[in-house]
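Single-structure report; data block below.
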Amino acid sequence: APVGMKWDQENYSCAYNALFVGLYHIWHDHGPLWSNRFASITEYTDQLGKGFEAYSMKTRSLETVRNQVRNSLAIANPTGFPTGSAFTYLYILTDTM
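With this note's numbering as the guide, the letters of the sequence shown map in order to residues 3 to 99.
What follows is the structure in structure tokens.
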């Protein structure tokens, strides 16, 4: 079955799912290489890469990884990364990641 994330209807997750699933599939093909690359980009991509490692070891779900990165983003910029039934703009997410 294809790997993906379940949509969070309480805290809309569309932008995160769209970007993070694509990044996961890039990471999946060359995990260690991309973990190092993610670590060198931003603290958020580093967190995402570490989350993908945890997912691959079956210690976290992709939804948990998404929510952990999302929470970090929301703490840093609550206006750009709202919670609840508010949409996040994909361009803000990609610029920040």
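Yeah, the Cβ is synthetic: ideal placement off N, Cα and C, and Gly gets one too.
Bear in mind that the values here come from a model prediction, so they are computed numbers and not experimental data.
Extent of the continuous alpha helix (DSSP H) run through residue i
{"i": "E12", "result": "It is not in any alpha helix (DSSP H) - E12 carries neither H nor E in the DSSP assignment."}
{"i": "G82", "result": "Element bounds for G82: n/a, residue is neither H nor E."}
{"i": "K60", "result": "Segment: none, K60 is in no alpha helix (DSSP H) and carries neither H nor E."}
{"i": "H30", "result": "16 to 31"}
Proximity of residue i and residue j at Cβ, strictly below 8 Å
{"i": "N38", "j": "T85", "result": "no"}
{"i": "M1", "j": "Y26", "result": "This structure does not reach residue 1, given that the chain is present from 3 up to 99, and the question cannot be answered."}
{"i": "L21", "j": "L95", "result": "yes"}
{"i": "Y18", "j": "T81", "result": "no"}
{"i": "L75", "j": "F83", "result": "yes"}
Residue i, DSSP secondary structure in three states
{"i": "Y91", "result": "coil"}
{"i": "V5", "result": "coil"}
{"i": "T44", "result": "coil"}
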